[in-house]
Amino acid sequence: MSKQLEIKNLSVTVETTEILKDLSLTLPRGEVHAIMGPNGTGKSTLAKALAGHPDYEITSGEVLLDGENILEMEVDERARAGLFMAFQYPSEIPGVSIANFLRAAKQARLAEGEDLDATGFYKTLYEKMDMLHIDRKFTSRAINEGFSGGEKKRNEILQMAMLEPKYAIMDETDSGLDIDALRIVSEGVNKLRGPECGILLITHYQRILEYIVPDHVHVMWNGRIVKSGGKDLAIELENKGYDWIKEEFAEPAAKA
Amino acid sequence: MKTANGLADQEIFDAHLASQSASGAPEWWLDLKRESWRRFRKLPMPMRKDENWRFASLGGVKLDGYELGDSSPPEIADKEVLKRSENVRQRAGRLVFSNDRLMDSEAISEEWAKKGVIWLPLEQAVREHEDLLRKHFMAQPIKLGSEKFSELHGALCSAGSFLYVPKGVEVDLPLVAFHWTDRNNAALFPHTLLIADDMAKVTLVDFFSAHDRSSRNFICGVNDLYAGPGARVTYISAQDWGRDSLAFHLNSTQAFKDAFITSLNVNVGGRQARNESHSQVLGEGAHTQMQSLTVATGKQEFDQRTLQTHFKGRSVSDLLYKNALLDDARTIFSGLIKVEEDAQQTDAYQTNRNLLLSPTAESNSLPGLEILANDVKCSHGATSGQIDDEQLHYMRARGIPEPVAKQLLVFGFFEDILGKLENEEIAENLRTLIRSQF
């Protein structure tokens, strides 16, 4: 069995509009791949479709997580299979504390009848919080309620650290972060980097890639991956902007 | 004794009066009861056209088929009842009633007794503290529709707790009262009278419960809270009456200068349960919080009528009523904020939130404002909605199965109130009660 997240010929429609068109991409475990591209090109759609958001209809293709098609799975099953999505706009959930939320998520990963070791849970939680410079008082705070943009994103990374996914999709985690928050978030992600985790980093800006250096960079345009390369591709994009991509890969009809 | 017309029968009242008299109740108290009975008999039953009864099911509001709770001894042994009344271990005193009979009176701890705190069963307080009782007992009629039942309470009540905290005394552990019933068709009239003098501080908790979940009872309880200048009063009630019961809980609250009152009602019981609450802000700088959490299941109807009156300014009243509705349950919330002319710089808020967990549940909201002052901040709002899909998706995206995620969201709905309770043991009790409804 291959340890990789394999997206094969994926097409996704949102309210009758096709956003992803026959997109294919392979993310091996242990690697960090960045997806870059102009706004409105389908980057976030890819993330949401993979996580199983009900508004995103998959019309064709498959997504194999270590060989298993996750498109057959419910949202929570995908997560338990090892897929993690760091949301661009994480939900605020009044009345549910971070600790209770994460306990429920951890408990859901245990076999039936098995109980979570509470002491061990809190020990790990505090370690990860310290790593991400999150005040321990946050454990009893309601998830994301009244959090700043930076706090919300750090909370996403905290959840990722606690749930130890095989593959993490980070949907514009850098958006809305100031430089300090970006550094903390990036440090956190770098610590989670390793042979057991593949990371798909979706971003509009090259900035975060200075902190989280990708193994591969893919450029997305009009619902497809149109160009792939090494980390230098990100720098090229930063220097040249996205216009040349748009010109080079314009709609076939326009080209003809 | 069961009679043809139930609680409205003269022989019911005569028997009650005789038993009160036999147990040494003073004449002034019996007179109060006679007057209440006379007024009760004169007042009409609620009628469809009454604005205060809009949306309520009147078909089930009947007085027949009930007998007085204390007319025969309880069936469940004292020891068992007391065991079930152990859920608040950290307490300053406890009273336990079953079918309106006193089962246990745990005197207030020496420490506070010495400072003049009075904590007694109502009947004993009537004999020993005439002045306080005459001044405060049902002295604030609330007039939100249940006047007739309030008079019936005045006429027939004997069980209940009396708490007086003198000037400057702070009781840092809660006083706890339990009202149980183990008999079908018993009518109960639990009373709570809390008087906190200037700068006093105290917490009182009432638990209302039927041993048998399917029990049919008539309950008309009254709780009156009085917070003198600078006093801080917390009142919490948990209502878990049998599911075939008709229950009224009528509350009046008086907050004097700089007083701070929090009252929280948690409701899960009854077939039809009506809460009326009138919060009066009588002094400048006073602050009242009126909170309610309800889980409505089956065909239950919860009917909530509230009034926040500001007589003096620079004061705050903040109402938050939250209902979670399942199955075919119904809730009615009708609230009014009244700001009198002199009450400038008043902040008054009223919020009713309904979480609809079933397509056949029904919530009704009637918020209202009546403002005579010109420099005030007032708001009222009512929302009814279902579980938020995005929140649910977010939780599921972390691997939490849908039913668990929904449950966390529903419990979370109540946490903005429960999470702020100072007393964690009481909060945990209330959480348990709420969770057991799902």
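As you go down the protein sequences, you meet chains X and U in turn.
For any residue, its number in the working numbering is found by taking its place in the first sequence, counting from 1, and adding 282.
For any residue, its number in the working numbering is found by taking its place in the second sequence, counting from 1, and adding 17.
Here a beta-carbon is modelled for each residue, glycine too, at the ideal position from N, C-alpha and C.
When Cβ-Cβ separations below 7 Å define contact, X:Ala-329 makes no contact with chain U.
Look at U:Pro-418: its C-beta is under 7 Å from a C-beta on chain X.
If the five residues before and after U:Phe-224 are omitted, its C-beta is found closer than 6 Å to the C-beta atoms of Phe-195 and Ala-255, all from its own chain and listed in chain order.
In the three-state reduction of the DSSP assignment, U:Ala-346 falls in the coil class, being assigned neither a helical nor a strand state. Chain X has a Cβ within less than 7 Å of the Cβ of U:Arg-415.
Contacts with chain U (Cβ-Cβ distance below 9 Å) from the stretch 384-396 of chain X involve Leu-384, Ala-386, Ala-387, Lys-388, Gln-389, Ala-390 and Arg-391, listed in chain order.
By the 16-neighbour rule on beta-carbons within 10 angstroms, U:Asn-391 is exposed. Look at U:Met-307 here: in three-state DSSP terms it is strand. Unbroken beta strand (DSSP E) stretches of 3 residues or longer found wholly inside the stretch 342-425 of chain U: 347-356, 363-373, 379-388 and 393-402, given in chain order. Only residues of its own chain outside the window of five on either side were considered, and among them none has a CB closer than 6 Å to the CB of U:Arg-106. Chain X has no Cβ within less than 7 Å of the Cβ of U:Phe-455. As the crow flies, the alpha-carbon of U:Ser-334 is around 12 Å from that of U:His-397.
Proximity to U:Lys-339 across U:Phe-328, U:Gln-325, U:Val-250 and U:Ser-309 peaks at U:Ser-309, based on C-alpha coordinates.
Runs of the beta strand (DSSP E) spanning 3 or more residues and lying entirely within the stretch 241-288 of chain U occur at 249-257, 263-272 and 277-284, in chain order. Between X:Gly-377 and chain U, the shortest Cβ-Cβ separation is below 7 Å. Every beta strand (DSSP E) of 3 residues or more that sits fully in the stretch 122-209 of chain U is shown, in chain order, as 135-138, 177-182, 192-198 and 203-205. Cβ contact annotation for U:Cys-174 (same chain, cutoff 6 Å, sequence separation greater than five): Phe-206 and His-208, in chain order. With a threshold of 7 Å between beta carbons, U:Glu-103 makes no contact with chain X. At a cut-off of 7 Å between beta-carbon atoms, U:Gly-429 makes contact with chain X. If you ignore the 5 residues before and after X:Asp-460, its C-beta comes within less than 8 Å of the C-beta of Gly-432, all in its own chain and listed in chain order.
Per the coordinates, the alpha-carbon of X:Glu-438 lies some 32 Å from the alpha-carbon of X:Lys-522. For U:Pro-191 against U:Arg-108, the beta-carbon gap comes to about 6 Å, under 8 Å, which counts as contact. Here X:Ile-301 has Val-294, Gly-324, Thr-327 and Gly-505 as same chain residues with Cβ atoms under 6 Å from its own Cβ, once five neighbours each way along the sequence are excluded. Against U:Glu-432, the close residues of chain X are Gly-377, in the order they occur along the chain (beta-carbon pairs closer than 7 Å).
For U:Lys-329, there is no enclosing beta strand (DSSP E), as DSSP marks it with neither H nor E.
Taking the Cα positions, U:Lys-355 is about 6 Å away from U:Leu-386.
Bridge pairing for X:Ile-380: absent [DSSP]. In this structure, the beta-carbon distance from X:Ile-484 to X:Asp-453 falls below 7 Å. Contact note: X:Phe-429 does not reach chain U at a C-beta cutoff of 7 Å; the least C-beta distance is about 13 Å. In terms of Cβ geometry, U:Glu-293 and U:Leu-267 form a close pair [threshold 7 Å]. Put simply, the stretch 382-391 of chain X does not touch the stretch 438-448 of chain U. Fewer than three CB pairs are less than 8 Å apart. Apart from sequence neighbours up to five positions away, the residues of its chain that approach U:Asn-369 with a beta-carbon distance below 6 Å are Tyr-338, Phe-350, Ser-382 and Ala-399, ordered along the chain.
U:Gln-424 and X:Trp-526 have their C-alpha atoms spaced approximately 51 Å apart. Of all residues in the stretch 296-311 of chain X, none is placed with a Cβ closer than 7 Å to any Cβ belonging to chain U. Contact annotation: in the stretch 392-411 of chain U, residues whose CB is within less than 7 Å of a CB in chain X are Glu-407, Gln-408, His-410 and Tyr-411.
Around U:Trp-70, the same chain offers Pro-63 and Gly-162 as residues with beta carbons nearer than 6 Å, after the five sequence neighbours per side are excluded.
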